[in-house]
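So the protein lines, in turn, are chains A and B.
Here my numbering runs 158 ahead of the position in the first sequence, where the first position is 1.
Here my numbering runs 158 ahead of the position in the second sequence, where the first position is 1.
Comments concern the structure below.
2 protein chains.
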Amino acid sequence: MTDDQHPKSDDFAARSGKNRPKYVQVSDLLIREIKAGHWREGERLPVEAELAVELKVAVGTLRKALTLLESEGLLERRQGSGTYVKKPPKEAAYQLFRLELLQGGGTPHAKTLAVRKEKNSEVARVFGVSSSTLFWRIERKRFLNETPIAAEEMWIRGSHAKQLTAEELDESLYRHYREHFGFWISHVEDRIRLDFCTPWSADILNKESGAPLGWIERISWSSQDSVEEYSRTWFDPDVCHYVSRMA
Amino acid sequence: MTDDQHPKSDDFAARSGKNRPKYVQVSDLLIREIKAGHWREGERLPVEAELAVELKVAVGTLRKALTLLESEGLLERRQGSGTYVKKPPKEAAYQLFRLELLQGGGTPHAKTLAVRKEKNSEVARVFGVSSSTLFWRIERKRFLNETPIAAEEMWIRGSHAKQLTAEELDESLYRHYREHFGFWISHVEDRIRLDFCTPWSADILNKESGAPLGWIERISWSSQDSVEEYSRTWFDPDVCHYVSRMA
DNA sequence: AGGAATTTGTGCGTATGTATC
DNA sequence: AGATACATACGCACAAATTCC
Numbered sequence: 159m160t161d162d163q164h165p166k167s168d169d170f171a172a173r174s175g176k177n178r179p180k181y182v183q184v185s186d187l188l189i190r191e192i193k194a195g196h197w198r199e200g201e202r203l204p205v206e207a208e209l210a211v212e213l214k215v216a217v218g219t220l221r222k223a224l225t226l227l228e229s230e231g232l233l234e235r236r237q238g239s240g241t242y243v244k245k246p247p248k249e250a251a252y253q254l255f256r257l258e259l260l261q262g263g264g265t266p267h268a269k270t271l272a273v274r275k276e277k278n279s280e281v282a283r284v285f286g287v288s289s290s291t292l293f294w295r296i297e298r299k300r301f302l303n304e305t306p307i308a309a310e311e312m313w314i315r316g317s318h319a320k321q322l323t324a325e326e327l328d329e330s331l332y333r334h335y336r337e338h339f340g341f342w343i344s345h346v347e348d349r350i351r352l353d354f355c356t357p358w359s360a361d362i363l364n365k366e367s368g369a370p371l372g373w374i375e376r377i378s379w380s381s382q383d384s385v386e387e388y389s390r391t392w393f394d395p396d397v398c399h400y401v402s403r404m405a
Numbered sequence: 159m160t161d162d163q164h165p166k167s168d169d170f171a172a173r174s175g176k177n178r179p180k181y182v183q184v185s186d187l188l189i190r191e192i193k194a195g196h197w198r199e200g201e202r203l204p205v206e207a208e209l210a211v212e213l214k215v216a217v218g219t220l221r222k223a224l225t226l227l228e229s230e231g232l233l234e235r236r237q238g239s240g241t242y243v244k245k246p247p248k249e250a251a252y253q254l255f256r257l258e259l260l261q262g263g264g265t266p267h268a269k270t271l272a273v274r275k276e277k278n279s280e281v282a283r284v285f286g287v288s289s290s291t292l293f294w295r296i297e298r299k300r301f302l303n304e305t306p307i308a309a310e311e312m313w314i315r316g317s318h319a320k321q322l323t324a325e326e327l328d329e330s331l332y333r334h335y336r337e338h339f340g341f342w343i344s345h346v347e348d349r350i351r352l353d354f355c356t357p358w359s360a361d362i363l364n365k366e367s368g369a370p371l372g373w374i375e376r377i378s379w380s381s382q383d384s385v386e387e388y389s390r391t392w393f394d395p396d397v398c399h400y401v402s403r404m405a
């Protein structure tokens, strides 16, 4: 870290074309260190006093950077204990799942029905790649408290795995992505429409063909803002509904 | 503000049974001042140095309190200018509206059909009040780009107005609440289900009775976490869909 | 247009409280 | 109980943005 109190031409500022405050530069530096694997998930960082000396900044400045990173979810700070690299949320497996039983709640659960590699020009358009690109297509049946509630098909980039079978896929695909493919979903966009039972969904949901269904089309992005998943979920409106909270 | 650096028995701590940090006490104090109308919306607060002296805290401590209040959306701080009491967002009229045309987008627009005062025990339960409480019930027709897309009925507390007619209600009820009733909606929860055209909704949406419809049940809270609105929206799935983004 | 005054933002350093180990 | 580590609090100097003349 450069020691000019109000930097005007250090490395980062020069590259980014901006005059970023020193505490932001420090936080950027720490982000790079963490992503480069300098500290592992869950590992404790050096204590503030040490790190401040090492980076040649005042403790207060370092603290501001650490606080910023904590607010962004990359670090966890515990008084009396230390500052830790935060693990991607383990319990967040179903954090982005928005279906609930009509009476409220329910524990999500999924069963993989089929996995195959294929091309799909419509899906390729969503991902913004060439229509000859191969995707993994995964079909699943979803439950809340053992009640079948939805049929689902999803696509991810074929490049993530050479082989992929139903057996090796986790309950939570999001966790599988993180632990086996090295990325994780940070935000999604859902469109909820109305559709009708096809023979496929009727079979899975045990409904008569042609009955009305809720239909969720989801695009999922990684924290780098790249599209990493596209999915379609047909849910049975007799047993569940979609819940959305916003501020 | 008490001047013990690490307060152990000031007014607030005594009342709350906790030892709150001084900067939190300061922010609590400022919240009370603002709510009491000591400073109006948009008005500038005294400069940091003055306010710090007045409250008998260090400037840094005051700054931490002000930063906290800014993060909570009560204040706005502008370098070189001052610290201002934030006005509730004007442009947020349709911020919480989540229906879009199937092809995407569309400008929201609403027409009030009927307004009347009535009791409704089901609605009273949502508000958490006695079932004999009177509510205003407002029926509206919603459009996107002049296309009729939804029929809506909503309830608000009867106590907000003695009289209320369709003519005096704004396009945006949320704005009307803010400007005439003195509260505003800060967060909502939607449940999206499937329903079918009733004679009423069929008439408004120009559909045949019994056709499937999307159904949104919404509970809206003010920033004080009190339920202030309950609404039901039936939307035509042939022309629009519900969109939800989350991180 | 431009410079001075004002006001918040950044940065430094230190002392002490409080939670954890 | 003692050592360690983060949290709070104080105060000062200067930068940057805004305002005003």
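Glycine is no exception: its CB is placed at the ideal position from the N, C-alpha and C atoms.
Exclusion of the five residues before and after Phe-255(A) leaves Pro-266 as the residues of its chain whose Cβ lies within less than 6 Å of its Cβ. The C-alpha of Ser-317(B) is placed about 13 Å away from the C-alpha of Ser-290(B). Under the three-pair Cβ rule at 8 Å, the region 334-345 of chain A counts as touching the region 373-393 of chain A.
At a beta-carbon threshold of 7 Å, the residues of chain A lying near His-399(B) are Arg-349, Ile-350 and Arg-351, ordered along the chain. In the DSSP assignment, Cys-398(B) is bridged to Leu-259(B). Buried is the label assigned to Ala-210(A), since at least 16 other Cβ atoms lie within 10 Å of its Cβ. For a cut-off of 8 Å, the C-beta gap from Glu-234(A) to Ala-272(A) is around 39 Å, too long to register as a contact. Counting C-beta atoms within 10 angstroms of its own C-beta, Thr-219(A) has 16 or more neighbours from the protein chains shown and is therefore classed as buried. Among the bridge pairs identified by DSSP, Ile-314(B) is matched with Trp-294(B). Annotation for Ser-359(B): Ala-309, Lys-365, Leu-371 and Trp-392 place their beta carbon closer than 8 Å to its own, counting only its chain and skipping 5 residues before and after. Between Val-287(B) and Arg-333(B), the CB-CB gap reaches or exceeds 9 Å. Rounded to the nearest angstrom, the gap between the Cα atoms of Asp-396(B) and Leu-302(B) is 13 Å. DSSP places Val-243(A) inside the beta strand (DSSP E), whose first and last residues are 240-243.
Per DSSP, Leu-220(B) is one residue of the alpha helix (DSSP H) stretching across 217-229. The Cβ of Gly-286(B) sits no closer than 9 Å to any Cβ of chain A. Val-284(A) sits away from Tyr-181(A), with the two beta carbons spaced by 9 Å or more.
Judged by DSSP in its simplified three-state form, Trp-197(A) adopts coil rather than helix or strand.
Here Val-401(B) is actually not in contact with Asp-353(A); their C-beta atoms are around 16 Å apart, not less than 8 Å. Within chain A, Met-404 have C-beta atoms less than 7 Å from the C-beta of Leu-254(B), given in sequence order. Against chain B, the beta carbon of Val-346(A) has neighbours under 7 Å at Met-404, listed in chain order. Shown here, Pro-357(B) sits in a helix according to DSSP, grouped into three states. Within the same chain, Cβ atoms closer than 7 Å to the Cβ of Leu-224(A) are found at Leu-233, Arg-235 and Thr-241, the five residues on either side in sequence being excluded.
Within chain A, Ile-350, Arg-351, Leu-352 and Gly-372 have C-beta atoms less than 9 Å from the C-beta of Gly-372(B), given in sequence order. Beta bridge pairing from DSSP links Gly-372(A) with Leu-352(A) and Phe-393(A).
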